[in-house]
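J.: Shown below is the structure under consideration.
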Ligand SMILES: CC(C)(COP(=O)(O)OP(=O)(O)OC[C@H]1O[C@@H](n2cnc3c(N)ncnc32)[C@H](O)[C@@H]1OP(=O)(O)O)[C@@H](O)C(=O)NCCC(=O)NCCS
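Numbering (the numbering used here), first residue to last: 4 to 190.
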């Protein structure tokens, strides 16, 4: 459990999260629709989400993907941060994704949660880099990445099928060995 602010913490997805995940995705269906793959009706059920939570726990144990929830102090899920496709070998990289509850935006939750997950990727997983992709007009997401030291590395045409269309994305990376700001000078 990592604190984000007085009301919210970040923790890995766990078995038993299905009902809370279903409530969170149902409450945020319209908010997330322009930024995510098209979801079928079953995605919003507690049963499907519980199966997904089990998969998350298995993937985390195998080191394939580590997925977190932002939880408020009433036990509800208010967002997600995912480290997907963890690849080692010559790459030591993972894909970063995130969202925050529509009613809790603009209070720094995504920026702080990404900061914690980047720290986890660096210190616990020992990854070399994180990659993120945003739609060209997703200014909010680009601000979150800028706050966390990501640099733009390119534009990938028709990169992901979002909201039913293959859409162009801006690609960003952060090299985790590098400090976010220059080290302080000592006299
Ligand atoms: C993008 C998103 C995660 C931002 O979450 P958040 O908790 O509101 O982000 P923060 O509060 O940390 O905001 C970071 C900055 O982005 C700005 N911002 C947030 N949403 C914005 C928006 N829709 N438009 C413009 N700026 C936005 C904030 O004002 C803040 O500005 P600052 O740089 O002056 O500090 C959230 O809007 C969301 O869930 N969007 C839908 C899903 C999504 O786009 N996920 C990312 C896919 S790549």
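Built from N, CA and C at the ideal position, the CB exists for glycine as well.
When DSSP labels each residue in this structure, what does residue 134 get in the three-state scheme?
T.: strand
J.: Starting from residue 95, trace the alpha helix (DSSP H) in both directions and tell me its first and last residue.
T.: Per DSSP, residue 95 belongs to no alpha helix (DSSP H) and is neither H nor E.
J.: Can you list, in chain order, the residues of its chain with a C-beta nearer than 6 Å to that of residue 98? Leave out the 5 residues immediately preceding and following it.
T.: 87, 88, 134, listed in sequence order.
J.: Measure from the alpha carbon of residue 57 to the alpha carbon of each residue in 77, 84, 18, 163, then state which is nearest.
T.: The residue with the shortest Cα to Cα distance from residue 57 is 18.
J.: Short check: CB of residue 79 to CB of residue 23, under 8 Å?
T.: yes
J.: Would you mind working out which of 165, 171, 178 sits nearest residue 42, comparing C-alpha positions?
T.: 165
J.: For residue 15, write down the residues that DSSP places opposite it in a beta bridge.
T.: 71
J.: My guess is that residue 102 and residue 131 are in contact by the Cβ rule of under 8 Å, so how many angstroms apart are they, rounded?
T.: In this structure residue 102 is not in contact with residue 131, their Cβ atoms being roughly 25 Å apart against a cut-off of 8 Å.
J.: Within 8 Å, do at least three Cβ pairs link the segment 135 to 152 to the segment 171 to 186?
T.: yes
J.: Pull up the distance between the alpha-carbon of residue 153 and that of residue 177, whole angstroms please.
T.: 5 Å
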